[in-house]
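Sequential numbering of the sequence shown, starting at 1, is according to the UniProt record's numbering.
The C-beta atom is built at its ideal place from N, Cα and C for all residues, glycine as well.
Read through the structure below, which is laid out as structure tokens, and then see the notes.
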Amino acid sequence: MFFLITVPTVEWVLFSQGEKSLSNFPSVERCFIVLDNLKRHERIHTGEKPFQCSHCGNSFTQRGHLKEHERIHTGVKPYHCSQCKNRFSRVGDLKAHERTHTGEKPFQCSQCRKSFTVLANLKRHERIHTGEKPFQCSHCGNSFTQRGHLKEHERIHTGVKPYHCSQCKNRFSRVGDLKAHERTHTGEKPFQCSQCRKSFTVLATLKRHERKHTAEKPSTKDTYHCSHCGMSFIQLGSLNEHELTHTGEKPFQCSQCGKSFTWLRSLKEHKRTHTIKVQPLLSLFWNRQDSS
1 MFFLITVPTV
11 EWVLFSQGEK
21 SLSNFPSVER
31 CFIVLDNLKR
41 HERIHTGEKP
51 FQCSHCGNSF
61 TQRGHLKEHE
71 RIHTGVKPYH
81 CSQCKNRFSR
91 VGDLKAHERT
101 HTGEKPFQCS
111 QCRKSFTVLA
121 NLKRHERIHT
131 GEKPFQCSHC
141 GNSFTQRGHL
151 KEHERIHTGV
161 KPYHCSQCKN
171 RFSRVGDLKA
181 HERTHTGEKP
191 FQCSQCRKSF
201 TVLATLKRHE
211 RKHTAEKPST
221 KDTYHCSHCG
231 MSFIQLGSLN
241 EHELTHTGEK
251 PFQCSQCGKS
261 FTWLRSLKEH
271 KRTHTIKVQP
281 LLSLFWNRQD
291 SS
């Protein structure tokens with residue numbers, strides 16, 4: 001049995017008979033010495049987030065979490081690594097970083113024994129075994145194993161493209177698509193086939209190429225999946241065309257004016273604009289020849 005009494009500024013939970021711990025109260029799931037701790041705990045059940053960021057409007061259950069978040073906007077990084085020059089806005093990020101120096105991986109998967117430096121990485125990994133996809137798109141219902149993948153996917157619906165190429169006007173919804181596109185400017189092809197040494201700008205293209213050597217064939221109708229957005233295709237050629245919309249690559253170039261296109265059919269349509277312009281001139285030339 002316990003009693004709650006109020007003193008001028010602080011409310012404390014006091015125990016009868018001089019009890020100073022919860023060891024004699026096994027039926028009590030959670031008790032709190034300070035009322036503030038109880039309030040924080042109750043927000044887990046109510047979903048209340050009373051602490052709002054003045055910069056972006058995000059809300060948090062605890063004031064400490066808000067302060068950590070605000071450092072994203074202010075750029076303040078009070079925690080620094082003693083072994084290198086890296087600085088961090090959160091103490092948890094510093095601890096995770098320090099493990100890259102020590103090699104410590106304290107979080108181990110119970111199913112395959114693989115270890116991780118960060119608990120969040122273990123949680124994501126475990127979904128490979130469970131198949132759990134807790135993050136669902138509110139637009140189309142597709143589910144994802146990671147929140148970041150959901151955010152990337154949602155940009156397909158919203159049309160937001162926050163990543164832009166510094167060399168041209170192309171914009172992209174995913175940073176991976178931007179990196180792949182930038183290679184069309186630099187000519188870099190970092191993904192090399194181990195059998196024929198042919199190189200590719202995109203990993204997914206290398207994977208498809210390697211099937212030519214292994215003679216691997218699709219076992220189901222929807223074998224060809226876009227590595228960027230998950231769309232499925234019956235034909236490999238259709239997938240190849242589709243992925244160009246992500247990378248921004250334009251491999252088909254007009255020999256007359258140098259303009260480039262994503263698809264061959266677009267190039268063919270464009271070429272007709274040249275023939276239409278030339279045709280009246282040819283007609284005029286032949287008419288003059290006939291009259292003379």
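As an exercise, report each continuous alpha helix (DSSP H) stretch of at least 4 residues that is fully enclosed by the UniProt domain "C2H2-type" (51 to 78), in chain order.
Taking 4 residues as the shortest admissible run, the UniProt domain "C2H2-type" (51 to 78) contains the following complete alpha helix (DSSP H) segments, listed from N- to C-terminal end: 63 to 74.
Consult DSSP for Asp222 and reduce its assignment to one of helix, strand or coil.
Here the model assigns Asp222 a pLDDT of 46, short of 50, so the residue's position is not dependable and the matter cannot be decided.
Can you list the beta strand (DSSP E) stretches of 3 or more residues lying completely in the UniProt domain "C2H2-type" (135 to 162), in chain order?
Taken in chain order, no unbroken stretch of beta strand (DSSP E) lies wholly in the UniProt domain "C2H2-type" (135 to 162) with a span of 3 residues or more.
Can you give me the C-alpha to C-alpha distance between Glu154 and Ser266, rounded to a whole angstrom?
28 Å
So what does Ser260 bridge to, in DSSP terms?
Looking at the DSSP output, Ser260 sits in a beta bridge with Gln253.
Give the DSSP-derived three-state secondary structure of His181 in the structure shown.
helix
For Arg99 and Thr61, I'd like the C-alpha separation in whole angstroms.
28 Å
Taking the alpha carbon of Cys56 as the reference point, which residue from Trp263, Gly47, Ile72 and His45 has its own alpha carbon closest?
Ile72
Could you give the distance in angstroms between the alpha-carbon of Cys140 and the alpha-carbon of Cys84?
For Cys140 and Cys84, the distance between alpha carbons rounds to 45 Å.
Where Ser89 and Lys67 are concerned, what is the direct C-alpha to C-alpha distance, given to the nearest angstrom?
10 Å
So residue 337 is in the alpha helix (DSSP H); what residue range does that whole segment cover?
Nothing about residue 337 can be read from this structure; the chain reaches only from 1 to 292.
Return yes when the Cβ of Trp263 is within less than 8 Å of the Cβ of Glu243, no when it is not.
no
In this structure, does DSSP put His228 in helix, strand or coil?
The answer is coil: DSSP assigns His228 none of H, G, I, E or B.
Quick check: what's the CA-CA separation for Lys259 versus Glu182?
18 Å
Going by the CB atoms, is the gap between Thr145 and Arg171 shorter than 8 Å?
no
With C-beta atoms as the reference, is Thr184 less than 8 Å away from Glu249?
yes
Taking the runs of the alpha helix (DSSP H) that are 4 residues or longer, which of them lie wholly in the UniProt domain "C2H2-type" (107 to 134)?
As far as the UniProt domain "C2H2-type" (107 to 134) is concerned, its whole alpha helix (DSSP H) runs of at least 4 residues are 119 to 130.
CB contact flag (Cys165, Leu150, <8 Å):
no
6 Å Cβ shell around Gln52 - same chain, five flanking residues per side excluded:
Ser59
Ser173, buried or exposed, once every other Cβ within 10 Å from all chains shown has been counted against 16:
buried
Same chain, Cβ closer than 7 Å to Leu119, neighbours up to 5 away in sequence not counted
Phe107
If you compare alpha carbons, which of Ile156, Lys268, Thr130 and Thr214 is closest to Cys137?
Ile156
Specify, as a first and last residue, the run of the alpha helix (DSSP H) that Glu210 falls within.
Leu203 to Thr214
Which class does Arg43 belong to by DSSP, given the choice of helix, strand or coil?
Here DSSP, grouped into helix, strand and coil, assigns Arg43 to helix.
In terms of DSSP beta bridges, what is His164 paired with?
BP columns for His164 point to Arg171.
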